[in-house]
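Asker:
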Amino acid sequence: MAWTIASPSSRFSFGASNEIPQNSSRFPRLVPQFWPWEKVKLGPLSVSPMGFGTWAWGNQLLWGYQEAMNNELQETFNLAIDNGINLFDTADSYGTGKLNGQSERLLGKFIRDYQGPKGVRDNIIIATKFAAYPWRLTAGQFVKACQSSLKRLQIERIGVGQLHWSTANYAPLQELALWDGLVAMYEKSLVRAVGVSNYGPKQLLKISDYLKARGVPLCSAQVQFSLLSMAKDQMELKAVCDSLNICLISYSPLGLGMLTGKYTAFKLPRGPRALLFRQILPGLEPLLRSLGEIADKRGKTIPQVAINWCICKGTVPIPGVKSVRQAEENLGALGWRLSLDEMLQLESAAQESPRKMIQNIFQTR
Ligand SMILES: NC(=O)c1ccc[n+]([C@@H]2O[C@H](COP(=O)([O-])OP(=O)(O)OC[C@H]3O[C@@H](n4cnc5c(N)ncnc54)[C@H](OP(=O)(O)O)[C@@H]3O)[C@@H](O)[C@H]2O)c1
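Taken in order, the sequence shown gives residues 1205 to 1569; the numbers are from the working numbering.
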């Protein structure tokens, strides 16, 4: 039996089982992507079980961005919103050269131009990240950085203000300015919640204690987390997040594209990714085979299975999307769950892969 919940677009038609009925197409469009109760708490905020990442939006060097892509990016954004995605990850450092800040700028324009219901637009949560540039040495400089992001984003408050990375490894004295910067943004109501990125379990516990003492709740920790990045450190971080009741946001859940199945050692992307892929892809056969087997058995695609694995691990993945097609496909990662056996099969295949993703140079312990 299926029923329909009246909604402005009348698109919420749920089946009786716990799985969301899927479109016959592998790339669903305008069907419910997840149950309302699958939304995830991010401190005071409630976000979709998957967000989208926007690192590519403005990055020519690594991602081949061109301004001619803007219309399609806007359509991609609208499609995501119309399908219930309300979390978008960005950073004040995204955008190369004179395009610095372009990802935030595009998001600002897309939010402003969004034609759907106002309630839906008001519910969009932007999680941006503030770079720990060496010249940002005081809390006031982080407040200024936050104000600049707000201007580019054309919004009054940022959903989650995150520290992009910790300086504990190389400039420990700067770290306190970062933490006080988060406190100041929160106290000035420029951000609704605060989070960190590239913090390891030890450093996460330290900042969590500090923010707690200052009366600022920490809501999220963002880290590279995928079937290619699931070592002891990631699992330890997940356990600490659980103990602190904060959300782990998985970045690069598709291994920068290696877990989509579209690249091989002979079919590499343009740009610097090729160097990394050339090293890792030859050993990825067992994992890609497993992903493919499960995808075929379930009528899904490889990226959908790879993203679903992150969700099943209790994290909120933020796959990067560059086109409507990618967004449509990735939306199909929602509304169903891998079985325990499938999870184990994937993890064991991942263990067999000799090379893992390189970790972010700023990642701390
Ligand atoms: N905190 C940090 O330090 C940090 C670091 C990295 C990323 N992030 C965040 O995490 C987000 C996601 O990570 P990521 O962009 O690095 O990597 P990712 O999500 O693992 O991979 C994204 C890339 O894979 C390809 N792709 C995505 N969906 C696809 C599909 N369905 N079919 C085929 N190809 C597909 C696209 O690139 P191609 O089409 O060019 O292959 C896309 O840009 C970023 O956008 C950013 O917001 C944060």
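Quick reminder that beta carbons are idealized off the backbone N, C-alpha and C, glycines included.
Which residue's Cα is closest to the Cα of residue 1313: 1274, 1373, 1498 and 1264?
Answerer: Considering only alpha carbons, the answer is 1274.
Asker: Just verifying my parser: in three-state terms, what is the DSSP assignment at residue 1509?
Answerer: helix
Asker: For residue 1360, does the count of other Cβ atoms within 10 angstroms reach 16, so buried, or fall short, so exposed?
Answerer: exposed
Asker: With burial defined as no fewer than 16 other Cβ atoms inside 10 Å of the residue's Cβ, what is the status of residue 1537: buried or exposed?
Answerer: buried
Asker: Under 8 Å: do the segment 1439-1456 and the segment 1465-1483 share three or more Cβ pairs, one atom per stretch?
Answerer: no
Asker: Would you identify the three-state DSSP class for residue 1464, choosing helix, strand or coil?
Answerer: Residue 1464: helix per DSSP, three-state reduction.
Asker: Thinking C-alpha only, which one of 1339, 1346 and 1390 is nearest residue 1375?
Answerer: Minimum Cα distance to residue 1375 is reached at 1339.
Asker: For the beta strand (DSSP E) containing residue 1470, name the first residue and the last one.
Answerer: It is not in any beta strand (DSSP E) - residue 1470 carries neither H nor E in the DSSP assignment.
Asker: Please report the distance separating the alpha-carbon of residue 1379 from that of residue 1497.
Answerer: 46 Å
Asker: How many whole angstroms separate the CB atoms of residue 1461 and residue 1432, which I take to be in contact at a CB cut-off of 8 Å?
Answerer: That belief does not hold up - the Cβ atoms of residue 1461 and residue 1432 are roughly 11 Å apart, past 8 Å.
Asker: Would you call the segment 1430-1446 in contact with the segment 1388-1399, where contact means no fewer than 3 C-beta pairs closer than 8 Å?
Answerer: The answer is no - the segment 1388-1399 does not touch the segment 1430-1446, with fewer than three Cβ pairs under 8 Å.
Asker: Could you tell me which whole beta strand (DSSP E) segments of length 3 or greater appear in the segment 1308-1334?
Answerer: 1329-1334
Asker: Since residue 1281 is in the alpha helix (DSSP H), which residue starts that stretch and which ends it?
Answerer: 1274-1286
Asker: Return the residue from the list 1564, 1444, 1322 and 1539 that minimises the CA-CA distance to residue 1243.
Answerer: Checked all of 1564, 1444, 1322 and 1539; the closest Cα to residue 1243 is 1539.
Asker: Since residue 1403 contacts residue 1370 with CB under 8 Å, what's their CB separation in whole angstroms?
Answerer: Contact between residue 1403 and residue 1370 holds, with the beta-carbon distance rounding to 5 Å and staying under 8 Å.
Asker: Could you tell me if residue 1257 is buried or exposed, where buried requires 16 or more neighbouring beta carbons within 10 angstroms of its beta carbon?
Answerer: buried
Asker: Relative to the C-alpha of residue 1569, which candidate in 1252, 1504, 1505 and 1427 has its C-alpha closest?
Answerer: Residue 1427 is the option with its Cα nearest to residue 1569.
Asker: So does the segment 1313-1327 actually touch the segment 1285-1297, counting three or more Cβ pairs closer than 8 Å?
Answerer: yes
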